[in-house]
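Heads up: the sequence shown begins at 128 in this note's numbering, then just goes up one per residue. These notes are about the structure you will find just below.
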Amino acid sequence: MTIATRKLGAHGPEVSAIGLGAMGMSDLYGPADDAESVATLHAAIDAGLNLIDTADFYGSGANEMLIARALKERRRDEVVLSVKFGSRRTPDGGFQPVPYDVSPAAVKDRLAYSLRRLNTDHIDIYRPARLNPDIPVEETVGALAEMRQAGFIRHIGLSEVGADTIRRAAAVAPISDVQIEYSLLSRGPEASVIPALRELGIGLTAYGVLSRGLLSGHWSAARNLGADDFRAHSPRFQGENLEANLRLVEALGRVAERLGATTGQVAIAWVAAQGQDVVPLIGARRRERLTESLGAAGLDLDTDALAEIEAAVPAGSAAGERYAAPLMATLDSER
128 MTIATRKLGA
138 HGPEVSAIGL
148 GAMGMSDLYG
158 PADDAESVAT
168 LHAAIDAGLN
178 LIDTADFYGS
188 GANEMLIARA
198 LKERRRDEVV
208 LSVKFGSRRT
218 PDGGFQPVPY
228 DVSPAAVKDR
238 LAYSLRRLNT
248 DHIDIYRPAR
258 LNPDIPVEET
268 VGALAEMRQA
278 GFIRHIGLSE
288 VGADTIRRAA
298 AVAPISDVQI
308 EYSLLSRGPE
318 ASVIPALREL
328 GIGLTAYGVL
338 SRGLLSGHWS
348 AARNLGADDF
358 RAHSPRFQGE
368 NLEANLRLVE
378 ALGRVAERLG
388 ATTGQVAIAW
398 VAAQGQDVVP
408 LIGARRRERL
418 TESLGAAGLD
428 LDTDALAEIE
438 AAVPAGSAAG
448 ERYAAPLMAT
458 LDSER
């Protein structure tokens, strides 16, 4: 299988049409196997997937070091590294309940640590994970522009921001892409974010395309989640919400069966079909899941298939918010 490439907006790099989100290899989805994670990263690169997304706070730096371990056996120019910063952790593995640190000083400080952990002299796309309402986005982007001018980063990205913020940021420096949750169960970006991105020539990297596993076709209402699994606290995975969402997944599965594909492949392909400026990120932690997800690259959804998918999972049909209320309140994209 050949993975096509897409350009991330007018100012971004050329990347594989599907990217790999590495968070689950180190954090928030329960135990993972480092050796299997490295093997999965290698398999992704071998398959032609070059966009790897991480954050300095995934595993409190462990995810970056894991990626560096995998890249020891690869050429640096084989991958496009996308890194987020801004969230603060606690020694016990929790998150500090304070606003994101995206000040100009933090930009430079956190970047220094990421460069060291990733064992590289530059990061391809560097972005704040969220905004801090007390720090103007112009200040954050201005500091990022300085780091780009100095050669430490190649492109500036944003994450979970609304249309107004996108326009303000783009007035300071070119933005390659905005990373935001976008899936059949999370259609919010369609209202104002995607139109703003297209107006300004900015790409979209979509995370959560399988809605944290709900849309994979492998989820069961009987599955037990550990306290360290993010989904144990997500409204979409609770009680009646989960039951309602799994009914939508069953309907999507029937469409997938007709198309000769898996439920997850159809969900990923739907995101990819929303435009050449959209790149879905898959969160595979094991080679078998990677192989299945990459099968979406060969799935061509025609008009009839897209209509069937929309009928199975209509916009706005998801039960429950994508985050618990305190986290939803931090999202500039939801205001």
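Backbone N, C-alpha and C fix where the C-beta goes; we use that ideal spot for every residue, glycine too.
For residue i, which residues in the same chain have their Cβ closer than 7 Å to its Cβ, ignoring the five residues on either side in sequence?
| i | result |
| --- | --- |
| glutamate 370 | Ala348 |
| valine 234 | Thr267, Ala270, Leu271, Met274 |
| arginine 201 | Ile172 |
Which first and last residues belong to the beta strand (DSSP E) in which residue i is found?
| i | result |
| --- | --- |
| isoleucine 293 | Here isoleucine 293 belongs to no beta strand (DSSP E); instead the alpha helix (DSSP H) covers 290–297. |
| serine 209 | 207–212 |
| glutamine 306 | 304–308 |
| leucine 408 | 405–409 |
| arginine 250 | According to the sequence displayed, residue 250 carries isoleucine and not arginine. Residues 250–255. |
| leucine 331 | 330–334 |
| alanine 182 | 178–182 |
| glycine 146 | 146–148 |
| serine 143 | 141–143 |
Rounded to whole angstroms, what's the CA-CA distance from residue i to residue j? Just pull it up for me.
| i | j | result |
| --- | --- | --- |
| glutamate 141 | glycine 328 | 14 Å |
| valine 398 | isoleucine 250 | 26 Å |
| arginine 243 | alanine 232 | 17 Å |
| leucine 324 | leucine 386 | 31 Å |
| aspartate 183 | glutamate 205 | 21 Å |
| serine 361 | arginine 449 | 7 Å |
| glycine 340 | tryptophan 346 | 7 Å |
| glycine 238 | glutamine 276 | Checking the sequence, you will find leucine at residue 238 rather than glycine. Going from the Cα of leucine 238 to the Cα of glutamine 276 covers about 14 Å. |
| glycine 447 | leucine 428 | 28 Å |
| tyrosine 240 | glutamate 367 | 43 Å |
| isoleucine 307 | alanine 189 | 23 Å |
| arginine 363 | valine 336 | 14 Å |
| glycine 221 | threonine 430 | 45 Å |
| arginine 413 | valine 405 | 24 Å |
| glycine 151 | threonine 167 | 12 Å |
| alanine 383 | valine 393 | 6 Å |
| arginine 133 | isoleucine 409 | 16 Å |
| proline 224 | alanine 451 | 14 Å |
| isoleucine 130 | valine 207 | 15 Å |
Less than 6 Å between C-beta atoms, sequence neighbours within five positions excluded: which residues of the same chain meet that for residue i?
| i | result |
| --- | --- |
| alanine 378 | Ala439 |
| leucine 421 | Ala174 |
| valine 229 | Gly213, Pro255, Asn259, Ile262, Thr267 |
I need the boundaries of the alpha helix (DSSP H) containing residue i, first residue and last residue.
| i | result |
| --- | --- |
| threonine 129 | It is not in any alpha helix (DSSP H) - threonine 129 carries neither H nor E in the DSSP assignment. |
| tyrosine 240 | 231–245 |
| arginine 281 | Here arginine 281 belongs to no alpha helix (DSSP H); instead the beta strand (DSSP E) covers 280–286. |
| glutamate 370 | 366–386 |
| valine 393 | 390–399 |
| glycine 269 | 264–276 |
Look at residue i and residue j and say whether their C-beta atoms are less than 9 Å apart.
| i | j | result |
| --- | --- | --- |
| aspartate 180 | valine 210 | yes |
| arginine 358 | tyrosine 185 | no |
| serine 444 | leucine 375 | yes |
| glycine 402 | alanine 423 | no |
| tyrosine 309 | alanine 333 | yes |
| leucine 285 | alanine 298 | no |
| glycine 146 | proline 407 | yes |
| glutamate 287 | aspartate 459 | yes |
| glutamate 191 | leucine 245 | yes |
| glutamate 419 | threonine 389 | yes |
Cβ-heavy atom distance between residue i and the ligand FMN below 8 Å?
| i | result |
| --- | --- |
| glycine 315 | Of the ligands one can find in the structure shown there are none, so the ligand FMN has no counterpart to examine. |
In chain order, what residues of the same chain have a beta carbon less than 8 Å from the beta carbon of residue i, not counting five sequence neighbours either side?
| i | result |
| --- | --- |
| valine 165 | Leu193, Arg196, Ala197 |
| arginine 203 | Thr247 |
Distance cutoff 9 Å, beta carbons only. Does residue i sit that close to anything in chain B?
| i | result |
| --- | --- |
| asparagine 246 | The question asks about chain B, but that chain is absent: this structure has only one protein chain. |
Below 8 Å, can you find three or more Cβ-Cβ pairs linking the region 136–151 to the region 289–305?
-> yes
So does the region 311–321 actually touch the region 274–283, counting three or more Cβ pairs closer than 8 Å?
-> no
Are the region 159–179 and the region 262–278 in contact at 8 Å, needing three or more beta carbon pairs?
-> no
Between the region 430–446 and the region 390–404, do three or more beta carbon pairs fall short of 8 Å?
-> yes
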